[in-house]
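Here the sequence shown stands for residues 0 to 237, where the numbers follow numbering that gives the first Met the number 0.
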Amino acid sequence: MPKALIVDDEPPARARLSALLRELGQVEVVGEAGDAAATLELVGKLNPDILYLDVRMPGMSGLELARHLARLPDPPAIVFITAHDEHALEAFEADAVGYLLKPVRREKLAAATERARRLTARQLEDVARPEPRTHLSVRHRDGIRLLRVEDIICLLAEQKYTTVRHTGGEDLVEDSLRQLEAEFGGRFLRVHRGALVNRDYLAGVERLADGGYVAHVRGLSEPLPVSRRMAAELKARL
């Protein structure tokens, strides 16, 4: 029997859904979670086949969480659960994504469970627009670790990957620098072709004796080089 995990920040909603699933007997409910961090931990431990995932949760939405889960080597199938949200419903219909409306009805739950399938990264990006992520996901041997975007100091291009320097150290992510700039352009500033700096950590821009420029960034021991083209724009934004 497929293993299921219920994710909702409201305990009564989790309890009701769990009871309905037990009655239907299509899946075995192996766990429940109320937020993104607990979900990732349980997914790593329990390896569920299907997630019933609430769209609107505090801290991180179910849509964003699903995008992080899609990076796993063997991601679970997902059925989204939502209150009446016009944007979400249109996106789900357009991309053939399984969803349930609250309050969840027994017959609808049975049908959604029968149709549940894995979602592609493209589908998840489409339904999550225009919502930017609040975290980046880093793949580790034991699963996925989340990095808060607000804790990221700078992003550095590294061939096919991007080096993320953050308040807790350094990691590699699979997103390209161009993709990250398109998504988080309001928070990060480009200092040269291969680097973006979180505007909250940018302390100043200095002109050197040779006419070049560097950016002083809080949390970094060494300044970052700044292209001449970007120097004037950075100064204007400080």
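From the three backbone atoms N, C-alpha and C, an ideal C-beta is built for every residue, glycine too.
Predicted model, so just to flag it, every value in this text is computed and none were measured.
### Query
Which parts of the stretch 41 to 109 are runs of the beta strand (DSSP E), unbroken and 3 residues or longer, counting only runs that do not cross its ends?
Secondary structure within the stretch 41 to 109: the beta strand (DSSP E) runs of 3 or more consecutive residues, fully enclosed, are 49 to 53, 76 to 81 and 98 to 100 (chain order).
### Message
In the DSSP output, which residue or residues are listed as bridge partners for Ile143?
### Response
According to DSSP, residue pairing for Ile143 in a beta bridge involves Arg138.
### Message
Taking the beta strand (DSSP E) that Leu201 belongs to, which residues open and close that run?
### Response
Run containing Leu201: Leu201 to Arg206, per the beta strand (DSSP E) assignment.
### Message
Is it the case that the stretch 56 to 65 contacts the stretch 31 to 38, given that we only count it when at least three CB pairs across the two stretches are under 8 Å?
### Response
Here the stretch 31 to 38 lies against the stretch 56 to 65, with 3 or more beta-carbon pairs under 8 Å apart.
### Query
Can you tell me where the beta strand (DSSP E) with Glu169 in it begins and where it stops?
Gly168 to Val172 is the extent of the beta strand (DSSP E) around Glu169.
### Environment of Pro47 [buried if 16+ CB atoms lie within 10 Å]
Its Cβ being crowded by 16 or more others within 10 Å, Pro47 is buried.
### Task
Give the C-beta separation of Leu4 and Val42 to the nearest angstrom, bearing in mind that I take them to be a contact with Cβ-Cβ under 8 Å.
With a Cβ gap of about 7 Å, Leu4 and Val42 count as contacting.
### Message
Going by DSSP in three states, Arg217 sits in which element: helix, strand or coil?
### Response
Three-state DSSP puts Arg217 in coil, outside helix and strand.
### Task
Label His67 either buried or exposed according to how many other C-beta atoms from any shown protein chain fall within 10 Å of its C-beta, with 16 as the threshold for buried.
Answer is buried; the Cβ neighbour count reaches 16.
### Query
Between Ala82 and Asn197, what straight-line distance do the alpha-carbon atoms span, to the nearest angstrom?
Going from the Cα of Ala82 to the Cα of Asn197 covers about 34 Å.
#### Entry: Per DSSP, cross-strand counterpart(s) of Gly30
Paired residue(s): Leu4.
### Query
For the candidate residues Val78, Leu19, Lys2 and Glu63, whose alpha-carbon lies nearest to that of Lys44?
That would be Lys2, whose Cα lies nearest to the Cα of Lys44.
### Task
Taking only the alpha-carbon atoms, compute the straight-line gap between Asp53 and Lys234 and give it to the nearest angstrom.
Spanning the two alpha carbons is a distance of roughly 43 Å.
### Query
Is it right to say Gly210 is buried, meaning 16 or more other beta carbons lie within 10 angstroms of its own, or is it exposed?
Flag for Gly210 reads exposed.
### Message
If you reduce the DSSP assignment to three classes, tell me which class Arg192 lands in.
### Response
Residue state, collapsed to three classes: coil.
### Task
Measure the alpha-carbon distance for Ala230 versus Tyr212 and round it to whole angstroms.
Approximately 7 Å between the Cα atoms of the pair.
### Message
By alpha-carbon positions, which one of Phe183, Ala18 and Cys153 ends up nearest to His214?
### Response
Note that residue 214 corresponds to Ala in the displayed sequence, not to His. Ala214 has its Cα closest to that of Cys153, out of Phe183, Ala18 and Cys153.
### Query
Three-state secondary structure (DSSP) at Ala37?
Look at Ala37 here: in three-state DSSP terms it is helix.
### Task
Could you please give the first and the last residue of the uninterrupted beta strand (DSSP E) stretch that includes Ala156?
Here the beta strand (DSSP E) through Ala156 covers Ile151 to Glu157.
### Query
Any idea if Gly24 is buried or exposed, counting beta-carbon neighbours within 10 angstroms, 16 or more meaning buried?
Classification of Gly24: exposed, given that the 10 Å Cβ count is below 16.
### Task
Given a cut-off of 8 Å, decide if Ser136 and Arg70 are closer than it, judged by their beta-carbon atoms.
For the pair Arg70 and Ser136, the CB atoms are nearer than the 8 Å cut-off.
### Query
Run through DSSP, which three-state label would Pro11 get?
Three-state DSSP puts Pro11 in a helix.
### Message
I'd like the list of long-range same chain contacts for Arg147, defined as Cβ closer than 6 Å, with 5 residues on each side in sequence excluded.
### Response
Listed in chain order, the non-local C-beta contacts of Arg147 below 6 Å within the same chain comprise His134, local neighbours out to five positions each way being set aside.
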